[in-house]
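One structure below.
There are 2 protein chains.
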Amino acid sequence: MTVRAAIVVTGTEVLTGRIQDLNGPWLADRLLELGVELAYVTQCGDRADDIEAQLRFLAAEGVDLIITSGGLGPTADDLTVATVARFAGRELVLDGPLEARIAEILRTLLAGRSGVDFEAVMAANRKQAMVPAGAQILDPVGTAPGVVVPGSPTIVVLPGPPRELQPMWSRAVETAGVQQAIAGRTEYRQETVRMFGLAESGLAETLREAESGIDGFAELEVTTCLRRGELEIVTRYEPQAAGAYAALVDLLRSRYPRELFSEDGALIDDQVAALLAGRRFATAESCTAGLLAARLADRAGSSAYLAGGVVSYSNAAKVSLLGVDAALIAEYGAVSEPVARAMAEGALARFDADTAVGITGIAGPGGGSAEKPVGTVCFSVAVSGRPTLAHTLRIPGDRSDVRERSTTVAMHLLRSELLALSAG
Amino acid sequence: MTVRAAIVVTGTEVLTGRIQDLNGPWLADRLLELGVELAYVTQCGDRADDIEAQLRFLAAEGVDLIITSGGLGPTADDLTVATVARFAGRELVLDGPLEARIAEILRTLLAGRSGVDFEAVMAANRKQAMVPAGAQILDPVGTAPGVVVPGSPTIVVLPGPPRELQPMWSRAVETAGVQQAIAGRTEYRQETVRMFGLAESGLAETLREAESGIDGFAELEVTTCLRRGELEIVTRYEPQAAGAYAALVDLLRSRYPRELFSEDGALIDDQVAALLAGRRFATAESCTAGLLAARLADRAGSSAYLAGGVVSYSNAAKVSLLGVDAALIAEYGAVSEPVARAMAEGALARFDADTAVGITGIAGPGGGSAEKPVGTVCFSVAVSGRPTLAHTLRIPGDRSDVRERSTTVAMHLLRSELLALSAG
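First to last, the protein sequences are chains A and B. Sequential numbering from 1 applies to the first sequence in the UniProt record's numbering. Sequential numbering from 1 applies to the second sequence in the UniProt record's numbering.
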């Protein structure tokens with residue numbers, strides 16, 4: 001039997017796209033891990049009627065579990081709890097102990113802040129202690145408590161800030177209301193294969209073959225998507241279809257030996273981080289202007305191998321900070337393989353590193369020429385004791401696409417060079 | 001009379017959060033500009049039943065216009081057009097001229113690629129030339145055409161890639177189907193005020209005052225949200241409420257003279273870019289590792305004032321590339337105001353710049369101490385001919401929060417210093 005869930009993201013700021021919703025995707029992963037099928041994610045503004053209409057629709061669709069995010073704040077436009085209570089036919093009651101807890105939290109928060117009228121803040125926050133009768137309270141991580149309203153569907157009401165929502169979800173899962181809603185769920189497996197340097201339509205062809213060639217292929221829920229220039233193939237299946245999935249992976253492996261770089265869901269970032277362990281890495285970036293260094297530093301522990309980098313946006317900086325020969329720039333232009341090489345080798349020397357990447361390109365919208373149109377990017381990978389590689393690509397898209405994809409290309413060039421290295 | 005619209009984002013990869021939906025937010029802005037009220041954004045997987053259920057729900061809610069995004073590709077899991085056709089009670093017909101156009105586009109795309117079976121690719125793409133009878137075709141920007149199916153509601157079917165969806169939306173708006181759907185819409189204005197260094201609950205208090213103190217405040221649809229450490233107040237209103245809005249802005253101005261930094265919706269990035277015009281700027285980043293430089297370089301034309309930057313992740317890099325005195329690091333620690341100052345001044349010198357920012361901090365999860373816990377970040381702004389500023393903050397959140405918010409804090413410190421400068 002399949003258990004279906006839906007996520008209702010409330011908040012005009014999310015609906016109008018002024019802030020990106022991080023809770024839908026995060027909750028989607030958690031539901032998947034639980035073996036619960038996510039049917040819908042819906043967003044609506046801070047309007048009681050719209051929120052209630054969504055709840056009615058989802059209940060009518062027969063979902064077993066609804067998770068709402070947002071609308072628990074102190075401001076008047078936060079009305080999720082009241083709306084859920086009305087929908088569930090339960091009255092709102094002031095929970096004394098909860099009100100005391102919130103007061104406690106606010107006292108700590110405001111401690112030391114001058115010019116804050118504590119009573120006014122408490123009044124603003126008192127509504128956060130109003131909960132649907134019979135609902136289970138989820139203690140606040142910030143100042144906003146959540147609630148679990150058991151029923152069909154069971155409704156879990158969580159705050160908007162991911163830092164608060166995430167720990168509160170873990171508690172919500174343990175409540176009787178949620179456990180009863182997700183009882184009898186099916187176990188699903190999900191596997192991810194990643195490829196680089198392959199067109200989606202080519203893959204579509206291969207998948208059509210698999211459809212006829214692989215027994216039980218129909219039991220695999222395969223979705224493909226292009227992402228940062230990489231092709232991601234995610235397959236969801238019940239355990240008995242494991243054989244069909246193995247056959248699919250074999251097919252992809254044999255068909256795309258060069259393009260397939262990850263069978264275990266590992267990101268290129270994970271692979272590069274592992275390959276850089278024990279090394280000393282530096283970057284020399286022009287058009288990406290720090291994106292590659294920042295992407296590497298995004299993971300904890302990166303300081304073990306990331307020495308640093310130079311953003312040599314101007315030609316003068318290429319010369320003074322990376323020791324690029326000005327004559328090289330004059331002869332070949334700032335966007336050229338010789339300059340990319342000199343940048344990477346300059347980074348090696350200046351950071352006393354053993355591995356470095358150089359990137360110089362034309363992100364646009366201006367600066368293109370017939371010979372070097374916008375999107376032309378030169379990459380270089382320098383490893384001490386080996387000849388320095390250089391590679392030029394024309395990357396499609398607008399300024400930010402070109403800059404972001406360039407970091408992805410650089411990660412893949414770095415990976416293959418380090419693999420070749422470890423292969424001997 | 002209000003015209004209401006809804007956006008249906010299809011695609012399992014979006015539903016499951018593996019790719020971020022950029023179309024919902026973008027279309028939301030376009031609808032707002034048109035004076036059309038966005039009621040819902042819904043996401044569902046590539047399942048015909050779920051997509052159709054959404055369309056039924058939205059039609060029942062009486063929306064005048066539905067825009068779908070995604071599911072127009074060549075793969076079998078792309079079935080939006082067929083689903084919309086069934087919902088609208090129109091049969092799918094193969095459009096000959098359209099098929100020819102798609103073939104044309106594919107020929108150009110695949111030109112020069114070896115080992116591509118053109119006929120197989122055409123077969124894969126033939127389904128993209130099947131359109132609902134009587135629908136208006138939107139020529140493809142990529143390979144996927146869109147359609148406008150007139151009716152109540154009118155349904156606009158657009159492809160998922162933003163680069164294709166955006167130009168095709170502009171064409172869709174001109175079609176008779178959409179024009180009829182949005183006829184008689186109300187004109188709305190939307191204004192944005194931005195503040196920095198203010199708690200949301202404090203603002204909530206001020207807004208409650210405004211509720212009682214300002215005539216016609218009820219006609220203002222005010223939404224507030226915390227975003228990258230900034231507080232954004234967006235107000236939507238019909239023209240006759242302009243007076244009430246002006247009164248609200250006066251109140252905010254008088255109450256938050258220091259925190260209010262933008263009344264015209266301009267981002268801190270816009271303001272800093274304007275203030276940097278004619279200057280020569282450089283960065284020295286440790287924990288942010290290039291995020292600040294990359295953020296500045298994100299806008300076209302930034303090369304006019306952005307000389308470059310150093311990512312001095314290791315102490316050795318701070319010394320060798322920025323000339324930070326090793327004794328300073330030994331005495332005060334790498335995360336200290338003296339080192340932040342030396343980094344900024346080092347960037348000033350090395351890039352021959354007149355303005356520089358230094359950032360050094362503990363992003364976590366490790367590296368914190370009792371005296372300098374995770375989130376401790378030291379900032380410095382150096383302007384040639386002026387004393388170098390230094391400032392230490394404790395920034396909440398996880399590693400990526402700390403790193404991203406640090407760039408925002410740096411932008412604001414830079415702004416106020418440059419404003420003070422221009423004020424003489």
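All C-beta atoms, glycine included, are put in the ideal place defined by N, C-alpha and C. Computed from a predicted structure; not experimentally measured.
Would you tell me roughly how many angstroms separate the C-alpha atoms of residue i and residue j, rounded to the nearest one?
i	j	result
A85 of chain B	L165 of chain B	19 angstroms
G151 of chain A	G177 of chain A	7 angstroms
E219 of chain B	Y237 of chain B	6 angstroms
A344 of chain A	T376 of chain A	18 angstroms
T75 of chain B	V319 of chain B	54 angstroms
L109 of chain A	D78 of chain A	21 angstroms
L15 of chain A	D46 of chain A	9 angstroms
I362 of chain B	A277 of chain B	31 angstroms
Y256 of chain B	L418 of chain B	20 angstroms
residue 427 of chain A	E33 of chain A	The first residue shown for chain A is 1 and the last is 424, placing residue 427 of chain A beyond what the model contains.
H412 of chain B	S406 of chain B	10 angstroms
residue 426 of chain B	Q179 of chain B	An answer regarding residue 426 of chain B cannot be provided, because it is not within the stretch 1 to 424 covered by chain B.
V121 of chain A	A60 of chain B	41 angstroms
L414 of chain B	V81 of chain B	50 angstroms
L248 of chain B	A327 of chain B	53 angstroms
D352 of chain A	L321 of chain A	13 angstroms
L138 of chain A	A294 of chain B	40 angstroms
S384 of chain A	T224 of chain A	38 angstroms
R399 of chain B	K127 of chain B	46 angstroms
A300 of chain B	A307 of chain B	14 angstroms
Ordered along the chain, which non-local residues of its own chain (more than five positions away) have a Cβ less than 7 angstroms from that of residue i?
i	result
D325 of chain A	A342
V311 of chain B	E285, A289 and G290
I329 of chain B	N315, K318 and V339
G142 of chain B	P159, P161 and E164
N125 of chain A	P74, I102, L106 and T143
A129 of chain B	L94, D95, L98, E99 and I102
Per DSSP, residue i forms a beta bridge with which residues?
i	result
L38 of chain A	A:A5
S262 of chain A	A:R194
I67 of chain A	A:I7 and A:V156
C44 of chain A	A:T10 and B:Y40
G309 of chain B	A:V311 and B:T283
V173 of chain A	DSSP lists no partner for V173 of chain A.
R189 of chain A	A:Y237
V93 of chain A	A:V131
Whose C-beta lies closer than 6 angstroms to the C-beta of residue i among residues of the same chain, with five residues either side of it excluded?
i	result
V156 of chain A	I67, V148 and A172
V36 of chain B	V3, A5, I182 and R185
F217 of chain B	A210, E211 and A244
R394 of chain A	G375 and T376
E52 of chain B	T83 and F87
V41 of chain A	I7 and G24
G368 of chain A	I362 and V374
D354 of chain A	R279, R280 and S384
S201 of chain A	none
By Cβ distance, which residues of its chain are closer than 8 angstroms to residue i, with the 5 residues on each side in sequence left out?
i	result
L252 of chain A	V193, M195, T206, I233 and L260
A241 of chain A	G216, E219 and L220
E91 of chain B	A85, P132 and A133
| request: Only counting runs of 4 or more residues, tell me where the alpha helix (DSSP H) segments fall wholly within the segment 111-169 of chain A, in order along the chain. | output: 118-126
| request: Please list the residues of the segment 368-383 of chain B that have a C-beta atom closer than 9 angstroms to any C-beta atom in chain A, keeping them in chain order. | output: none
| query | If you measure beta-carbon to beta-carbon, which residues of the segment 62-85 of chain A are closer than 8 angstroms to chain B? | reply | G73, P74, T75, A76 and D77
| Entirely enclosed beta strand (DSSP E) segments - the segment 322-367 of chain A, minimum 3 residues | 355-361
| said: Beta carbons nearer than 9 angstroms to chain A: which residues of the segment 304-316 of chain B have them? | reply: L306, A307, G308, G309, V310, V311, S312, Y313, S314 and A316
| task | Quick one: which residues of the segment 331-351 of chain A get their C-beta closer than 7 angstroms to a C-beta of chain B? List them in chain order. | result | R350 and F351
| message | Going residue by residue through the segment 374-410 of chain B, where are the continuous beta strand (DSSP E) segments of at least 3 residues, counting only ones entirely within it? | response | 376-383 and 389-394
| request: Let me know the alpha helix (DSSP H) ranges lying completely inside the segment 203-284 of chain B, each 4 residues or longer, listed in chain order. | output: 242-255 and 268-276
| field | Residues within the segment 223-238 of chain A neighbouring chain B, beta-carbon criterion of under 7 angstroms | value | T223, T224, C225, R227, E232 and V234
| request: With 9 angstroms as the C-beta to C-beta threshold (strictly closer), list the residues of the segment 392-418 of chain A near chain B in chain order. | output: P396, G397, D398, R399, S400, D401 and R403
| task | Below 9 angstroms between beta carbons is the criterion; list the residues of the segment 191-216 of chain A that meet it against any residue of chain B, in chain order. | result | T192, A199, E200, S201, G202, L203, A204, E205, L207, R208 and E211
| query | Can you list, in chain order, the residues of the segment 280-299 of chain B whose Cβ is nearer than 9 angstroms to any Cβ on chain A? | reply | R280, A282, T283, E285, S286, C287, T288, A289, G290, L291, L292, A293, A294, R295, L296, A297, D298 and R299
| said: Residues of the segment 258-274 of chain B in Cβ contact with chain A at a cutoff of 9 angstroms, in chain order, please. | reply: none
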